[in-house]
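**Q**
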Ligand code: GLC
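Numbering (the working numbering), first residue to last: 13 to 751.
In structure tokens form, the structure reads like this:
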């Protein structure tokens, strides 16, 4: 009997494995052997007008319709970008409380950027993509690539810093690897969503130079190199039109100039007009509430702008049906790439491999800002350790808005430090911040704060060493969607606490956790400072490894740390520049008056030293850079020159270093920053080991955007290639001429 069963089974398998083209009865749109565009056209030709319109708007909080009659599945979306968010109810903003949707919490994207390691970005995208695939999501709502213009932006922790080149370099591998799982990246928030205050309506005014040199490049690379299958329109306005139906952004730039062939998804509740949405590039309208705006409606999702109103306008001939055909094409293409991609892997979730990947990113993200030799703290030498600070125990994946995640595990810094230094490690909260409410905050009574403060200072007097783990968190008005920070200093009286701690115990390590820069009035009194991030599941083990020296820190800052807020370009020009000014009848208006001089570009050009500069990060070892050498001092029009620099590990432990290439245009017809990041390479050297780091420089690296000609141009003249360990720690400079 068994033999016959085996024969039947192998026959069934054989038929199942036949290339689908061998089954002539299959309609083209289901035939995987056919080119995707043929399948799209065939599916479209079979659809009714109602079915096409149904594709273009949400059917639940996180899904949009497929075409049931044709066996075309619905589209499931999920936040991102640091992991796969827990399941929501179909029709309200309550979690469904599933028992199988806890995830790996990967480090925030600012931390990923701080690794300056594109290989880790690829590993990250692969890992989070496997979790999204396993949860059967077709679109992961990330990565966010908005530029960090102000350190008050409540969502900078979801983005990759102040430089478009670093952001692009770190976003592309994430997208490429994520999408190999048959899950679409959804690059967000397109565009100019650089703050949370008034995010749903602020009208941003920006020069075309700043738009093309600073705010668009990472999106462009995500589309053209990352091949992102979807893009999310932002809430705000630019040129007086909401981004989710902005003709210039979506039709002219995204599709016209960049050739984007994916689907444009609105941010939730960011659509405001049917005709605009129909004509100006939006494909899928997602919504915060069932009327697409801000309140529940009895009509459900049919009340959305691209639902019944759209259908009726087409039927009345007020909008051409061709508009919905174009949207349906983009959505079908996305479905064939994801839900109907039968080659996609099965995915996996909260595996040891994903935890290892999360830890690798976390360890390489931590930045050693300052060290007078106190770090690393050898566990063999320290058994009387005090840990102070709520962030040592807080579950920082809670809160922050849409990026919040249900962690399967969260190994806190205190747990990991106790595992490293023994259970004799004492803990004092030092301050308390309340629960992470979306958009508002819980106020803790002063008497509680005072007692926590005094208790920590008393305990610090008796400890051999104090590790302070404070910073910001995901509360409203801290680092949370829909609100910006109110101040640049650390909240909850932490500056005073740090000053009081170091006054009673000079052996203080500050290891703050944040997604933004902040003031450090105590910087000269504290012997060692680590910048840690929202590192997710493995935050504890990664911080403990770096503090103890088991891991050598190799992170570099993806944004500048201004000494004072007014040293930052966005805060130099008054309220019109940030947060904008409310104009009756026109809503909040804002002008990016610092123009292209964002971040280190501002600090360099205005000669305002940052407290810690872009690209800064120390190590437990030291690196010596030799003299840079050029393959040629002349660059022709289509030429490439190579700059090479030897780097040696002159210390006594293994270490990683990110060698950075900045280019300076010595003389230009338009104002340019002193220098701009055009390359970086992360190297790993054993003690005494030397390596040669090379960068190729092409005319593209010399270009600036001439908005009067609407083109990128490289002007003949003298240029400098500056090799640095940070944007201000330039170790070698060579000059060359172009043309
Ligand atoms: C939010 C966010 C966006 C998120 C979406 C779904 O408002 O702006 O980043 O992906 O809604 O939660």
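Even for Gly, the Cβ is constructed at its ideal location relative to N, Cα and C. As the structure is a computational prediction, the values presented were derived from the model and not from experiment.
#1: Does the beta carbon of residue 644 fall short of 7 Å from some heavy atom of the ligand ADP?
#2: Give a yes or no on contact between the stretch 640-652 and the stretch 694-701, applying the rule of three or more CB pairs nearer than 8 Å.
#3: Can residue 294 be considered in contact with the ligand GLC, in the sense that its beta carbon sits closer than 7 Å to one or more heavy atoms?
#4: Does the beta-carbon of residue 410, which I'm using as the reference point, lie nearer than 7 Å to any heavy atom of the ligand GLC?
#5: Using a 10 Å radius around the Cβ and a threshold of 16 neighbouring Cβ atoms, would you call residue 296 buried or exposed?
#6: Compare the Cα-Cα distances from residue 70 to each of 299, 274, 322 and 115 and report the closest residue.
#7: For residue 94, does the count of other Cβ atoms within 10 angstroms reach 16, so buried, or fall short, so exposed?
#8: Excluding the 5 residues flanking residue 33 on each side, which residues of the same chain have their C-beta closer than 7 Å to its C-beta?
#9: In its own chain, which residues sit with a C-beta less than 8 Å from the C-beta of residue 446, not counting the 5 before and 5 after it?
#10: Over the uninterrupted beta strand (DSSP E) stretch that includes residue 510, give me the two end residues.
#11: Could you check if residue 526 is buried or exposed, using at least 16 other CB atoms within 10 Å of its CB as the buried criterion?
#12: For the pair the stretch 535-548 and the stretch 597-616, tell me if three or more CB-CB distances fall below 8 Å.
#13: Starting from the N-terminal side, write out each stretch of the beta strand (DSSP E) that is 3 residues or longer and does not extend beyond the stretch 569-641.
#14: Measure the beta-carbon distance from residue 242 to residue 197 and round it to whole angstroms, keeping in mind my assumption that it falls under 8 Å.
#15: Excluding the 5 residues preceding and the 5 following residue 218 in the sequence, name in chain order all residues of the same chain whose CB lies nearer than 6 Å to its CB.
#16: Between which two residues does the beta strand (DSSP E) containing residue 729 stretch?
#17: Return yes when the C-beta of residue 280 is under 7 Å from any heavy atom of the ligand GLC, and no when it is not.
#18: May I have the straight-line CA-CA distance separating residue 290 from residue 148, to the nearest angstrom?
#19: Taking 8 Å as the cut-off, does the stretch 460-470 touch the stretch 498-514 (at least 3 CB pairs, one atom from each stretch)?
#20: So, is residue 749 buried or exposed, given that buried needs 16 or more other C-beta atoms within 10 angstroms?
#21: Roughly how many angstroms separate the alpha carbons of residue 629 and residue 52, rounded to a whole number?
#22: Of all the options 279, 213 and 380, which has the alpha carbon lying nearest to the alpha carbon of residue 252?
#23: My output table needs one value for residue 434: the three-state DSSP class, helix, strand or coil.
#24: Run the CB neighbour count on residue 681, radius 10 Å, all protein chains shown included, and call it buried at 16 or more, exposed below.
#25: For residue 30, name the three-state secondary structure that DSSP assigns.
#26: Compute the Euclidean distance between the alpha carbons of residue 192 and residue 349, then round it to the nearest angstrom.
#27: Taking its Cβ as the centre, do 16 or more other Cβ atoms sit within 10 Å of residue 111, making it buried, or is it exposed?
#28: For the ligand GLC, is there a heavy atom less than 7 Å away from the beta-carbon of residue 200?
#29: Alpha carbon to alpha carbon, how far is residue 696 from residue 649? Give it in angstroms, no decimals.
#30: Suppose contacts are defined by Cβ-Cβ distances below 8 Å. Is residue 201 in contact with residue 244 by that definition?
#31: Taking the beta carbon of residue 615 as the centre, do at least 16 other beta carbons fall within 10 Å, making it buried, or is it exposed?
#32: Please go through the same chain and pick out, in chain order, the residues whose beta-carbon is closer than 6 Å to the beta-carbon of residue 361, but skip the five residues on each side of it.
#33: May I ask which residues mark the beginning and end of the alpha helix (DSSP H) holding residue 69?
#34: Does the distance between the C-beta of residue 76 and the nearest non-hydrogen atom of the ligand GLC fall short of 7 Å?
#35: Can you list, in chain order, the residues of its chain with a C-beta nearer than 7 Å to that of residue 428? Leave out the 5 residues immediately preceding and following it.
#36: To test your reading of the DSSP string, which unbroken alpha helix (DSSP H) runs of 4 or more residues are found completely within the stretch 343-385?
**A** On the basis of the data shown:
#1: For the structure depicted, the ligand ADP is absent and the ligand set comprises only the ligand GLC.
#2: Touching, no.
#3: Here the question's residue 294 lines up with position 282 in the chain shown. The ligand GLC never approaches residue 294 closely enough for any of its heavy atoms to be under 7 Å from the residue's Cβ.
#4: One-based indexing of the chain shown puts residue 410 at position 398. Every heavy atom of the ligand GLC is 7 Å or more from the Cβ of residue 410, so no.
#5: Start at 1 with the first residue of the chain shown, and residue 296 comes out as number 284. Residue 296 counts as buried, since at least 16 other C-beta atoms from the protein chains shown sit within 10 angstroms of its C-beta.
#6: Walking along the chain shown from the start, residue 70 turns up at place 58. Closest by alpha carbon: 299.
#7: What you label residue 94 is simply residue 82 of the chain shown in a count that begins at 1. Around the Cβ of residue 94, a 10 Å sphere holds 16 or more other Cβ atoms; the residue is buried.
#8: Within the chain shown, numbered from 1, the residue matching residue 33 stands at position 21. The predicted model places residue 33 with a pLDDT of 47, which falls under 50 and marks its position as unreliable; any figure quoted below should be read in that light. Closer than 7 Å at the Cβ level, and outside the excluded window around residue 33, lie 43 and 45.
#9: The count along the chain shown starts at 1 and reaches residue 446 at position 434. If you ignore the 5 residues before and after residue 446, its C-beta comes within less than 8 Å of the C-beta of 453, 454, 455, 456 and 487, all in its own chain and listed in chain order.
#10: Start at 1 with the first residue of the chain shown, and residue 510 comes out as number 498. Taken as a continuous stretch (DSSP letters only), residue 510 belongs to no beta strand (DSSP E), being part of the alpha helix (DSSP H) at 506-516.
#11: Position 514 of the chain shown holds residue 526. Taking a 10 Å sphere around the C-beta of residue 526, we find 16 or more other C-beta atoms and assign the residue as buried.
#12: They do not touch, by the three-pair rule.
#13: Within the stretch 569-641, the complete beta strand (DSSP E) runs of at least 3 residues are 593-595, 599-603 and 635-637.
#14: Within the chain shown, the letter at position 230 stands for residue 242. Within the chain shown, the letter at position 185 stands for residue 197. Contact between residue 242 and residue 197 is confirmed by a C-beta separation of about 7 Å, below the 8 Å threshold.
#15: One-based indexing of the chain shown puts residue 218 at position 206. Excluding its 5 nearest sequence neighbours in each direction, residue 218 has C-beta neighbours in its own chain below 6 Å: 604, listed in chain order.
#16: Residue numbering aside, residue 729 sits at position 717 when the chain shown is read from its first letter. Bounds of the beta strand (DSSP E) holding residue 729 are 729-736.
#17: If you number the chain shown from 1, residue 280 lands on position 268. Yes, the beta carbon of residue 280 sits closer than 7 Å to at least one heavy atom of the ligand GLC.
#18: Sequence index remark: in the chain shown, residue 290 carries index 278 (1-based). Sequence index remark: in the chain shown, residue 148 carries index 136 (1-based). Their backbone Cα atoms lie some 29 Å apart in a straight line.
#19: Taking 8 Å as the limit for Cβ pairs, the verdict is that the stretch 460-470 does touch the stretch 498-514.
#20: One-based indexing of the chain shown puts residue 749 at position 737. Exposed.
#21: Mapped onto the chain shown, residue 629 falls at position 617. Mapped onto the chain shown, residue 52 falls at position 40. Between residue 629 and residue 52, the C-alpha separation is close to 49 Å.
#22: If you number the chain shown from 1, residue 252 lands on position 240. When each option's Cα is compared against that of residue 252, the closest is 213.
#23: Residue numbering aside, residue 434 sits at position 422 when the chain shown is read from its first letter. Coil, per DSSP.
#24: Position 669 of the chain shown holds residue 681. Classification for residue 681: exposed.
#25: By 1-based counting over the chain shown, the position of residue 30 is 18. With a pLDDT of 48 at residue 30, under the threshold of 50, the modelled position of this residue cannot be trusted; read the value that follows with caution. Secondary structure of residue 30 (DSSP, three-state): coil.
#26: Counted from its first residue, the chain shown places residue 192 at position 180. Counted from its first residue, the chain shown places residue 349 at position 337. Residue 192 and residue 349 have their alpha carbons spaced roughly 10 Å apart.
#27: Position 99 of the chain shown, counted from the start, is the residue given in the question as residue 111. By the neighbour-count rule (16 or more Cβ atoms within 10 Å), residue 111 is not buried but exposed.
#28: What you label residue 200 is simply residue 188 of the chain shown in a count that begins at 1. Yes - the ligand GLC has a heavy atom lying nearer than 7 Å to the Cβ of residue 200.
#29: As a working note, residue 649 is residue 637 in the chain shown. As a working note, residue 696 is residue 684 in the chain shown. Each residue's CA atom was taken as its position, placing residue 649 and residue 696 some 35 Å apart.
#30: Here the question's residue 201 lines up with position 189 in the chain shown. Here the question's residue 244 lines up with position 232 in the chain shown. For residue 201 and residue 244, yes; Cβs fall inside 8 Å.
#31: As a first step, residue 615 is located in the chain shown; it is residue number 603 there, counting from the start. By the Cβ neighbour-count rule, residue 615 is buried, with 16 or more other Cβ atoms within 10 Å of its own.
#32: One-based indexing of the chain shown puts residue 361 at position 349. Closer than 6 Å at Cβ, skipping near neighbours: 143 and 146.
#33: Within the chain shown, the letter at position 57 stands for residue 69. Secondary structure note for residue 69: it is in no alpha helix (DSSP H), with a DSSP letter that is neither H nor E.
#34: Your numbering for residue 76 matches position 64 in the chain shown. Answer for residue 76: no, Cβ out of range of the ligand GLC.
#35: Translated into positions along the chain shown, residue 428 becomes position 416. The residues are 552, 553, 555 and 556.
#36: When DSSP assignments are scanned along the stretch 343-385, the uninterrupted stretches of alpha helix (DSSP H) that are 4 or more residues long and fall wholly within it turn out to be 364-377.
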